[in-house]
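Only one structure is covered here, and it is reproduced in the block below.
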Amino acid sequence: MFFDKNLYEKLKKEAPNYKLITPSIISERMRCNVSMARRAIKDLEDRGVIKCICKHGAQTLYTRALAETA
C-alpha cells in the first residue's frame, strides 16, 4: 500500500514543521501504518527536509532541518 497523492502532499507540507518526528507520530497524525510512515520519513530525509537526531534499534528520532544562517 502506498500513500495517495493528497496524503503525501499533506505529509510533505506538515511533517517538516513538527519539532519531533517519529514513525509513531507520523502514523498517528496521518492515519497510516508505521511501515508507510518509516518509508515517508526516509523519503523526507533523502530530500533534506528533515534530519536524524538519534538512531536506535527500536526507534529513530528526527527533527526539522533548519536552514543554515551565515
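Take the sequence shown: its letters are residues 16 to 85, numbered as in our numbering. Note that the Cβ used here is the ideal one computed from N, Cα and C, for glycine as well. As the structure is a computational prediction, the values presented were derived from the model and not from experiment.
Between the alpha carbons of residue i and residue j, how many angstroms are there, rounded?
{"i": "Asp-61", "j": "Ala-80", "result": "12 Å"}
{"i": "Gly-72", "j": "Lys-34", "result": "21 Å"}
Verify the contact flag: residue i, CB atom, against every heavy atom of the ligand SAM, threshold strictly below 6 Å.
{"i": "Leu-26", "result": "As presented, the structure is devoid of all ligands, the ligand SAM included, so that no description of it is given."}
From the options, pick the residue whose C-alpha is nearest to that of residue i; which is it?
{"i": "Lys-57", "options": "Glu-43, Pro-38, Glu-24, Asp-19", "result": "Pro-38"}
What first and last residue would you give for the beta strand (DSSP E) that runs through residue i?
{"i": "Arg-79", "result": "75-79"}
{"i": "Ile-56", "result": "No beta strand (DSSP E) contains Ile-56, which is instead part of the alpha helix (DSSP H) from 49-62."}
{"i": "Ile-65", "result": "65-70"}
Are the Cβ atoms of residue i and residue j separated by less than 7 Å?
{"i": "Leu-59", "j": "Ile-68", "result": "no"}
{"i": "Ile-36", "j": "Ile-65", "result": "yes"}
{"i": "Leu-26", "j": "Ala-55", "result": "yes"}
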